[in-house]
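Undergrad:
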Amino acid sequence: MRKTRAPEYDERQLQVRGRAFMITFIIFVFLTAILALIEKEFHWITFNAYQFLSIPVWLSITFLYIYCIRHDAYEGLSQDSTSGFLALVMGGAGILVLGITLYKILGRGIPLVENKEARDPLAGVVAGVCMLAIGIAYLMKKRNEKKLGDEEDDDL
Amino acid sequence: MKNRRMKIARMEKDLNQEALAKLVGVTRQTIGLIESGGYNPTLNLCISICKALGKTLDQLFWEEEQA
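If you read the sequences in order, they're chains A and B.
Per my numbering: the first sequence = residues 1 to 156.
Per my numbering: the second sequence = residues 1001 to 1067.
Following this line, the structure appears as structure tokens:
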């Protein structure tokens, strides 16, 4: 017999997460369309398949994370450390990815865009910045929660 | 609109937001948002809060129309 698990999120968090997923999907479609326009219609830059997929995915996932973190819908009812750990790992990985990418750009002289063609470091910069933004958003939220303390009962 | 009646009822019971949240099975932030008027709870949650605070729905959530 399956064990019944307590719901992981409360009703408000589920609403927020539902809205966040919906907007994330719209952002993903919108960004994919923008990249397609840039490449196929305006012929400004050409992207390879990896960049074409990873840039909209990273940007929309970052929106999802930050939206949930800002609206207190990232950590569930149990407030377990797994989700927090994941956000912090993302931040750390972001620093690593950005470091490697900056080394490629500055050390090896690989540009972000060359002859109207997006090069490898472009996706790295986007992924690194997005990961770092998730980590920073989580840390800022935690710091603000500490600042606010338990609650404010002064306005009664 | 702020729900001062709920906040007063909670303080009368000597509960902080965290304790009330645990009693009704939501997060502290959700209780804070209900009290500050930032979230409109479902009927189920309203009933749980009323039971936890020993009040009726009318006492905590009914808004008298202002003339």
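No residue lacks a Cβ here, since even glycine has one placed at the ideal position from N, Cα and C.
In this text, all values refer to a predicted model and were calculated from it rather than measured experimentally.
1) Using only CA atoms, which one of Leu148(A), Glu114(A), Asp10(A) and Leu139(A) lies nearest to Ala73(A)?
2) Beta carbons nearer than 7 Å to chain B: which residues of the region 76-90 of chain A have them?
3) Can you name, in chain order, every residue of its own chain whose Cβ lies under 8 Å from the Cβ of Gln1017(B), other than the five neighbours on each side?
4) Flag this pair as yes or no: are the beta carbons of Ala133(A) and Ile69(A) separated by less than 7 Å?
5) Have a look at the DSSP bridge pairing and note the partners of Thr46(A).
6) Let me confirm a value: Ala36(A) is counted as buried when at least 16 other C-beta atoms fall within 10 Å, else exposed. Which label applies?
7) Within 8 Å, do at least three Cβ pairs link the region 76-93 of chain A to the region 46-53 of chain A?
8) Hey, out of Leu139(A), Leu98(A), Thr46(A) and Arg12(A), whose CA is closest to Cys1046(B)'s CA?
9) Apart from the five residues just before and just after Ala123(A), which ones in its own chain have a Cβ nearer than 7 Å to its Cβ?
10) With a cut-off of 7 Å, does the C-beta of Thr1042(B) fall near any C-beta of chain A?
11) What does the Cβ neighbour count give for Tyr131(A), buried or exposed, with the cut at 16 atoms within 10 Å?
12) Using a C-beta cutoff of 7 Å, does Gln1059(B) count as contacting chain A?
13) Interface residues of chain B around Arg215(A) at Cβ under 7 Å?
14) In terms of residues, what are the limits of the alpha helix (DSSP H) holding Phe1040(B)?
15) If you scan the region 78-150 of chain A from start to end, which runs of the alpha helix (DSSP H) of 4 or more residues do you find wholly inside it?
16) Look at the alpha carbon of Arg119(A) and the alpha carbon of Lys142(A), and state the distance between them as a whole number of angstroms.
17) Hey, does Asp154(A) have any beta-carbon neighbour from chain B nearer than 7 Å?
18) Assuming Tyr67(A) contacts Ala20(A) under a Cβ cut-off of 8 Å, what Cβ separation, rounded to an integer in Å, is found between them?
19) Less than 8 Å between the CB atoms is what I'm expecting for Leu88(A) and Gly128(A), so what's the real figure, rounded?
20) Short check: CB of Lys1002(B) to CB of Gly1037(B), under 7 Å?
21) Compare the C-beta of Ala20(A) with all C-beta atoms of chain B and state if any pair is closer than 7 Å.
22) So, does the CB of Leu122(A) fall closer than 7 Å to a CB anywhere in chain B?
23) Considering just the uninterrupted stretch of the alpha helix (DSSP H) at Leu37(A), what are its terminal residues?
TA: Taking the geometry as given:
1) The residue you call residue 73(A) lines up with position 73 of the first sequence. Nearest of Leu148(A), Glu114(A), Asp10(A) and Leu139(A) to Ala73(A), Cα basis: Asp10(A).
2) Against chain B - using a Cβ distance shorter than 7 Å - the residues of the region 76-90 of chain A are Leu77.
3) Counting from one through the second sequence, the residue named residue 1017(B) turns up at place 17. If we look at Gln1017(B) and ignore the five residues flanking it on each side, its Cβ neighbours are Arg1010, Arg1028, Ile1031, Gly1032 and Glu1035.
4) Taking the first residue of the first sequence as 1, we reach residue 133(A) at position 133. Taking the first residue of the first sequence as 1, we reach residue 69(A) at position 69. Taking 7 Å as the cut-off, the beta carbon of Ala133(A) is found no closer than this to the beta carbon of Ile69(A).
5) Position 46 of the first sequence, counted from the first residue, corresponds to residue 46(A). Answer by DSSP bridge pairing, in chain order: Glu117(A).
6) Here residue 36(A) refers to the residue found at position 36 when the first sequence is read from its first residue. By the neighbour-count rule (16 or more Cβ atoms within 10 Å), Ala36(A) is not buried but exposed.
7) The answer is no - the region 76-93 of chain A does not touch the region 46-53 of chain A, with fewer than three Cβ pairs under 8 Å.
8) By one-based count along the second sequence, residue 1046(B) stands at place 46. That would be Arg12(A), whose Cα lies nearest to the Cα of Cys1046(B).
9) For the purposes of this step, residue 123(A) is identified with residue 123 of the first sequence, where counting begins at 1. The beta carbon of Ala123(A) sits closer than 7 Å to the beta carbons of Tyr50, Gln51, Ser54 and Ile55 from its chain, once the five residues preceding and following it are set aside; these are given in chain order.
10) Within the second sequence, residue 1042(B) is the residue found at index 42, counting from 1. True, the Cβ-Cβ gap to chain A drops below 7 Å.
11) The residue given as residue 131(A) occupies position 131 in the first sequence. Note on residue identity: the sequence assigns Met, not Tyr, to residue 131(A). Answer is buried; the Cβ neighbour count reaches 16.
12) Here residue 1059(B) corresponds to residue number 59 of the second sequence, with the count starting at 1. So, not an interface residue.
13) Nothing in the structure corresponds to residue 215(A), since chain A is present only between 1 and 156.
14) Here residue 1040(B) refers to the residue found at position 40 of the second sequence. Here residue 1040(B) is Asn; the residue named in the question, Phe, does not match the sequence. No alpha helix (DSSP H) holds Asn1040(B); DSSP gives it neither H nor E.
15) Listed in chain order, the complete alpha helix (DSSP H) runs (minimum 4 residues) inside the region 78-150 of chain A are 81-102 and 120-148.
16) Translated into the one-based positions of the first sequence, residue 119(A) becomes position 119. Translated into the one-based positions of the first sequence, residue 142(A) becomes position 142. So the alpha carbons of these two residues sit roughly 36 Å apart.
17) As a first step, residue 154(A) is located in the first sequence; it is residue number 154 there, counting from the start. Here Asp154(A) scores only 49 on pLDDT, less than 50, and its place in the model should not be relied on; the value that follows carries that caveat. Closer than 7 Å: no.
18) Locating residue 67(A) in the first sequence gives position 67, counting from the first residue. Locating residue 20(A) in the first sequence gives position 20, counting from the first residue. Yes, they are in contact, since the Cβ atoms of Tyr67(A) and Ala20(A) sit about 4 Å apart, within 8 Å.
19) In the first sequence, residue 88(A) corresponds to position 88, counting from 1. In the first sequence, residue 128(A) corresponds to position 128, counting from 1. In fact, because the Cβ distance is near 15 Å, the residues do not count as touching under 8 Å.
20) On the second sequence, position 2 is the one that residue 1002(B) refers to. On the second sequence, position 37 is the one that residue 1037(B) refers to. Going by C-beta atoms, Lys1002(B) is nearer than 7 Å to Gly1037(B).
21) As a position in the first sequence, residue 20(A) is number 20, starting the count at 1. Not an interface residue.
22) Within the first sequence, the letter at position 122 stands for residue 122(A). Cβ-Cβ to chain B under 7 Å: no for Leu122(A).
23) Residue 37(A) sits at position 37 when you count from the first residue of the first sequence. No alpha helix (DSSP H) holds Leu37(A); DSSP gives it neither H nor E.
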